[in-house]
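Working notes for the structure below.
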Amino acid sequence: MASAVVKLALVALMCIVVAVPVAQAITCGQVTQNLAPCINYVKSGGPVPAACCNGVRNLNSQAKTTADRKQTCTCLKNAAGSIPGVNPNLAAGLPGKCGVSVPYKISTSTNCNN
Numbered sequence: 002m003a004s005a006v007v008k009l010a011l012v013a014l015m016c017i018v019v020a021v022p023v024a025q026a027i028t029c030g031q032v033t034q035n036l037a038p039c040i041n042y043v044k045s046g047g048p049v050p051a052a053c054c055n056g057v058r059n060l061n062s063q064a065k066t067t068a069d070r071k072q073t074c075t076c077l078k079n080a081a082g083s084i085p086g087v088n089p090n091l092a093a094g095l096p097g098k099c100g101v102s103v104p105y106k107i108s109t110s111t112n113c114n115n
């Protein structure tokens, strides 16, 4: 379950973290914790759980610095391979479904150093 949470977090948060800055250092644990409620959605679709969007918005608001965005992106990419069955299209659309705008496509191929 933790692996699935990490992968989902990686895919969805990659977009969010790379796009928005934060004053505190973000950890992979925080990324995973915030995005855990999104795992079933990015695997199966259906309605996005409120707790998932709350996590997406929370991470977006926490990722204020370039370092935080890069760290979140890296956490998401490292987790992406550990959750089987994640639908990349659902993961890519998650920020928009939660009302969060990011200036790039959410993808495991995103370069976290940019």
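Positions 2 to 115 (this note's numbering) are the ones given, in order, by the sequence shown. Even glycine gets a Cβ: it sits at the ideal position worked out from N, Cα and C. Just so we're clear, the structure is a prediction, and the values are computed from it rather than from any experiment.
Which residue's Cα is closest to the Cα of residue i: the options?
{"i": "G30", "options": "A80, G94 and N55", "result": "A80"}
{"i": "I84", "options": "C39, G47 and T28", "result": "C39"}
{"i": "N35", "options": "A26, K98, C53 and V49", "result": "C53"}
Any idea what DSSP makes of residue i, helix, strand or coil?
{"i": "V43", "result": "helix"}
{"i": "S62", "result": "helix"}
{"i": "P50", "result": "coil"}
{"i": "P38", "result": "helix"}
{"i": "G94", "result": "helix"}
{"i": "V101", "result": "coil"}
{"i": "N112", "result": "coil"}
{"i": "P89", "result": "helix"}
Spatial neighbours of residue i within its chain, please: CB distance less than 8 Å, with the 5 preceding and 5 following residues excluded, ordered by chain position.
{"i": "C68", "result": "Strictly speaking, residue 68 in this sequence is Ala, with Cys absent from that position. Closer than 8 Å at the Cβ level, and outside the excluded window around A68, lie A26."}
{"i": "V49", "result": "C39, Y42, L95, K98 and C99"}
Tell me which same chain residues have a C-beta within less than 6 Å of the C-beta of residue i, skipping the five on either side of it?
{"i": "A5", "result": "For A5, the predicted model reports a pLDDT of 49, less than 50, meaning its position is unreliable and no value from the coordinates is stated."}
Given residue i, which residues of its chain have a CB within under 7 Å of its CB, disregarding the five upstream and five downstream residues?
{"i": "L91", "result": "Y42, V43 and G46"}
{"i": "N59", "result": "N35"}
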